[in-house]
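**Q** Got a structure here, written out as structure tokens. Questions coming.
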Amino acid sequence: MKAKLCALALALLLLLSLSVAAFAEGENETLEYYVSDAAGLLTAQQQQTLEAAARAASEKHGCGIYIITINDFREFGFGNVSDCAEGFYNHYQMGLGNERNGILLLLSMNDRDYALKAYGGGAHEAFTDYGSYRISDSFIRYFRNNDWYGGFADYISNAEDFLTRAAAGNPVDVPQNENTGLSSGVKTAMIVGIPALIAFGSCEGMKRKMKPVKQAGFADDYLLQGGIHLDVKKDVFVNRSVTRTVIRTERSSGGGGGGGTTINSGGFSGHSGKF
Amino acid sequence: MSSQLTNYQCPACTGPLRYDGESGMLQCDYCGSRYTAEEIEKLYQDKLDQAEQTSVDAAASAAAAAAPGTDNGDAEQAYAEESWNAEQEGMKLYNCPSCGAQLICDATTAATSCPYCGNPTVMPGQFHGMLKPDYILPFRVTKEQAVAALKKYYHGKRLLPKTFLAQNHIQEVKGMYVPFWLFDGTVYADMEYRTTRVSAIRQGDEMITTTDFFDVRRAGTVHFTRIPADGSKKMPDELMDSIEPYDYSEMKPFSTAYMPGYLADIYDVDDRESYERAKVRGTHTAEHLMDSTVSGYSSVSPVRKQVRMKRERTAYALLPVWMLSTQWNGENFIFAMNGQTGKFIGDLPVSRGRYFAWFAGIAAPLAAVMAIVLYFL
């Protein structure tokens, strides 16, 4: 009950305080909770469980693992969900330690947008571009089925796992052979095969010019002027089929192609997308 | 029996006349006189009428003189048997009206030149009855232009063996009137297709793909005029097809006056056999036209087609073709040129060495660039 009340209080607080005007200097606040469900996706019990898990993992690794849900990022004066997440992170002075290490998952429910943002040197080391997408790919599977609790639990679990690996000096990043995506065998085949195919096509084109004699298959030159009469032209709609395909989240906002972590001018790494 | 030959002679100097494609007139190479085809036709029609009258008189005299059992009758029979044997071999005997030499020609030959005196001769008897063409399309391209076109044709052929240019020799250049059947016809096409129109929109993290299915039907008629099909077994069909099209607006009613100086054959493939080729071409074009009216769809699959061509008028025409042959490495290469438009075509030999040199020349730099891109960048 207490948690629910806290969530409602946060929602009210966010709505009242996170206006464009509220981002003036000196109005920064602190956030007591790691899980703030202003959109009302979780039960009190679920929120408590997630809060406990996030708090334990955050304090263990010195890196905050945050969740915020809202109805629409536009209500807070932001143009996109990514800016909204960064705005919240700064406004509430999120993060632990001097570097304010932390990772925030923000869900904006109206358009099913999400942003996953990391801040601070320790967080950037643990949540590489590749790792960040690994985390989002995993929780999106739950959110697509409206399994909010499952998705958040998965996020906290993965974030903790990634922090553990980074602490061990082995952060989750692009596997070496995925940097180019091609084995040496494939490369060799490409180096030999593609030029050979192009050369073959060009040479066959030249050869065709040497052998132009062929039997005529059409009589286009002998059409009588105005001699084409279309008497029946019927196009009858029969039926319709609709298929829905889940598409992978675009990764352009955060890079992700070559390993490491891309940090923007605001000091954030991560990406955004839809679920 | 020897058949009749006509050697068009210059009314001014009695020298042989030949048809000059460039000027479109009959020309005497000896005195330089020129005549239109109509003028010569009229002149020779008058001569023919006189000859027929003389022939009737001579036949009456011969009938009176020839009594049964005379030696004269046996001799004629022996000569007839000899001629008959020659015809059995698919040949015909002619006497050159200029030098009197006996010419043995193919049964389909309708115009040639005497190998002894070189005079161009026409066999008007070949064009009687069903064998008489409706039209003739006179030559416009000269022999010199045809030879020049062959040399030009070699340019830009990157796979042509180097030695071909140096060693090939033009064996023969023949201006020929080739017999063609020209078919008018109407194709009736009734075709059905199953088509789809696909649209996709993104909603959130989902791509919603909508596919609409349609049954489409097109039916109509397509009219063709003068689809050509050569009526000569000697002429390769694909070579004759490749020099199309001809501009039929320049076609003239048939006259042998356009033939001196050129070779000519009568048809030995009849219209029924040739029509099959024209029909295939007509129906293919009609199908293609029907297909092209089915547009705006993502996919189109034909499910039923009923296409038939109704043959209408058929014309028989002699169309001008320059045939050139060269020999290289013991192999003959035949080229054809449209005697009206100058369109030139023929297969050429391919140098394996040049083929592989080009192959390596293209593949090696590409491979080097790809290696740099894949391994070093």
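Chains as they are written, first to last, in our numbering: chain G, 1 to 275; chain F, 1001 to 1377. Each residue gets a CB set at the ideal place from its N, CA and C atoms; glycine is no exception.
Short of 6 Å in beta carbon distance, which residues of its chain neighbour ARG1194 of chain F, apart from the five on each side in sequence? Order them along the chain.
**A** Hits under 6 Å: SER1301 and VAL1303.
**Q** Of all the CB atoms in chain F, is at least one closer than 8 Å to the CB of ARG244 of chain G?
**A** Closer than 8 Å to some Cβ of chain F, the Cβ of ARG244 of chain G qualifies, so yes.
**Q** To the nearest whole angstrom, what separates the beta carbons of VAL1141 of chain F and ILE1243 of chain F, a pair I think is in contact under 8 Å?
**A** Their Cβ separation, rounded to whole angstroms, is 11 Å, which puts VAL1141 of chain F and ILE1243 of chain F out of contact at 8 Å.
**Q** Work out the CA separation of ARG1158 of chain F and ILE1170 of chain F for me, nearest whole Å.
**A** Looking at the two C-alpha atoms, the distance is approximately 21 Å.
**Q** Suppose contacts are defined by Cβ-Cβ distances below 8 Å. Is ALA126 of chain G in contact with ILE65 of chain G by that definition?
**A** Result no, Cβ atoms of ALA126 of chain G and ILE65 of chain G do not sit closer than 8 Å.
**Q** Please tell me whether, using a cut-off of 7 Å, the distance from the CB of ASN71 of chain G to the nearest non-hydrogen atom of the ligand COA is below it.
**A** The ligand COA is absent from the structure shown, which contains no ligands of any kind.
**Q** Residues in the same chain with beta-carbon distance under 7 Å from TYR1248 of chain F, minus the five sequence neighbours each way, listed in chain order, please.
**A** Cβ neighbours of TYR1248 of chain F beyond the five flanking positions: ARG1226.
**Q** Over the uninterrupted alpha helix (DSSP H) stretch that includes PRO195 of chain G, give me the two end residues.
**A** Start and end: 184-210.
**Q** Does the beta carbon of ALA199 of chain G come closer than 8 Å to any beta carbon on chain F?
**A** Judged by the 8 Å Cβ criterion, ALA199 of chain G is in contact with chain F.
**Q** Name the DSSP bridge partner or partners of PHE143 of chain G?
**A** In the DSSP output, where bridge partners are listed per residue, PHE143 of chain G has none listed.
**Q** Evaluate contact between the region 185-200 of chain G and the region 1330-1338 of chain F, counting only Cβ atoms and requiring at least three cross-stretch pairs below 8 Å.
**A** No, the region 185-200 of chain G is not in contact with the region 1330-1338 of chain F.
**Q** Between TYR222 of chain G and chain F, is any beta-carbon pair separated by less than 8 Å?
**A** Yes - at least one Cβ of chain F is within 8 Å of the one on TYR222 of chain G.
**Q** Excluding sequence positions up to five away, which residues of its chain have a Cβ less than 7 Å from the Cβ of SER1274 of chain F?
**A** Once the five neighbours on either side are set aside, the close Cβ partners of SER1274 of chain F are TRP1181, ALA1229 and GLY1231.
**Q** Taking Cβ positions only, does THR1163 of chain F come closer than 8 Å to chain G?
**A** It does not: the Cβ of THR1163 of chain F has no partner Cβ on chain G nearer than 8 Å.
**Q** Got a sec: is the Cβ-Cβ distance from PHE237 of chain G to anything in chain F below 8 Å?
**A** By this cut-off, PHE237 of chain G is an interface position.
**Q** Which residues, in chain order, does the region 1217-1243 of chain F contribute to contact with chain G at a C-beta distance below 7 Å?
**A** Listed by position along the chain: ARG1217, ARG1218, ALA1219, GLY1220, THR1221, VAL1222, HIS1223, PHE1224, THR1225, ARG1226, ILE1227, ASP1237, GLU1238, LEU1239, ASP1241 and SER1242.
**Q** What is the residue span of the beta strand (DSSP E) that TYR149 of chain G lies within?
**A** Taken as a continuous stretch (DSSP letters only), TYR149 of chain G belongs to no beta strand (DSSP E), being part of the alpha helix (DSSP H) at 148-167.
**Q** For GLY65 of chain G, write down the residues that DSSP places opposite it in a beta bridge.
**A** The sequence given here places Ile at residue 65 of chain G; Gly does not occur at that position. Per DSSP, G:ILE103.
**Q** Starting from LYS1157 of chain F, find everything on chain G with Cβ-Cβ shorter than 7 Å and list it in chain order.
**A** Chain G residues near LYS1157 of chain F: LYS209 and MET210.
**Q** At the 8 Å Cβ level, is VAL35 of chain G part of the contact set with chain F, yes or no?
**A** Chain F, which has no Cβ nearer than 8 Å to the Cβ of VAL35 of chain G, makes this no.
**Q** From which residue to which residue does the beta strand (DSSP E) around GLY273 of chain G run?
**A** Where GLY273 of chain G is concerned, the enclosing beta strand (DSSP E) stretches over 268-274.
**Q** Under a CB-based cut-off of 8 Å, is HIS312 of chain G close to chain F?
**A** In the structure as shown, chain G starts at 1 and stops at 275, and residue 312 of chain G therefore has no counterpart that could be examined.
**Q** So, does the CB of TRP1358 of chain F fall closer than 8 Å to a CB anywhere in chain G?
**A** Yes, contact with chain G.
**Q** Where DSSP assigns a beta bridge to PHE1180 of chain F, which residues make up the other side?
**A** Paired residue(s): F:ASP1230 and F:ALA1317.
**Q** Just mark GLN45 of chain G as buried or exposed, buried being the case when its beta carbon has 16 or more other beta carbons within 10 Å.
**A** Exposed is the call here.
**Q** Note down, in chain order, every chain G residue with its Cβ under 7 Å from the Cβ of ALA1037 of chain F.
**A** Chain G residues near ALA1037 of chain F: none, gap ~27 Å exceeds 7 Å.
**Q** Report yes if the CB atom of PRO1016 of chain F is closer than 8 Å to the CB atom of PRO1120 of chain F, and no otherwise.
**A** Cβ atoms of PRO1016 of chain F and PRO1120 of chain F: closer than 8 Å.
**Q** Three-state secondary structure (DSSP) at ARG1308 of chain F?
**A** In this structure, ARG1308 of chain F counts as strand in the three-state DSSP scheme.
**Q** Please decide whether LYS233 of chain G counts as near chain F, where near means a Cβ-Cβ distance under 8 Å.
**A** At least one chain F Cβ lies under 8 Å of LYS233 of chain G.
**Q** Name the two residues that bound the continuous alpha helix (DSSP H) containing ALA123 of chain G.
**A** Its alpha helix (DSSP H) spans residues 121-126.
**Q** Of all the options G:GLY273, G:PHE275, G:SER269 and G:ASN239, which has the alpha carbon lying nearest to the alpha carbon of THR128 of chain G?
**A** Considering only alpha carbons, the answer is G:SER269.
**Q** So that I know if they touch, is there some Cβ in chain F lying closer than 8 Å to that of SER253 of chain G?
**A** With a pLDDT of 42 at SER253 of chain G, under the threshold of 50, the modelled position of this residue cannot be trusted; read the value that follows with caution. No, no contact with chain F.
**Q** Just the Cα atoms here: how many angstroms apart are ALA1080 of chain F and PRO1115 of chain F?
**A** Residue placement at ALA1080 of chain F is flagged as unreliable, the pLDDT there being 42, under the threshold of 50; the coordinate-derived value follows with that caveat. Their backbone Cα atoms lie some 24 Å apart in a straight line.
**Q** What residue ranges within the region 1188-1267 of chain F form continuous beta strand (DSSP E) runs of no fewer than 3 residues, ordered along the chain?
**A** Entirely contained in the region 1188-1267 of chain F, the beta strand (DSSP E) runs reaching 3 residues are, in chain order, 1206-1230 and 1263-1265.
**Q** If you count every other CB in all the chains shown that lies within 10 Å of the CB of GLY151 of chain G, and 16 or more means buried, which is it?
**A** When all chains shown are included, GLY151 of chain G counts as buried.
**Q** MET1176 of chain F touches chain G at which residues, Cβ-Cβ below 9 Å?
**A** What MET1176 of chain F touches in chain G: nothing, since even the nearest Cβ is about 17 Å away.
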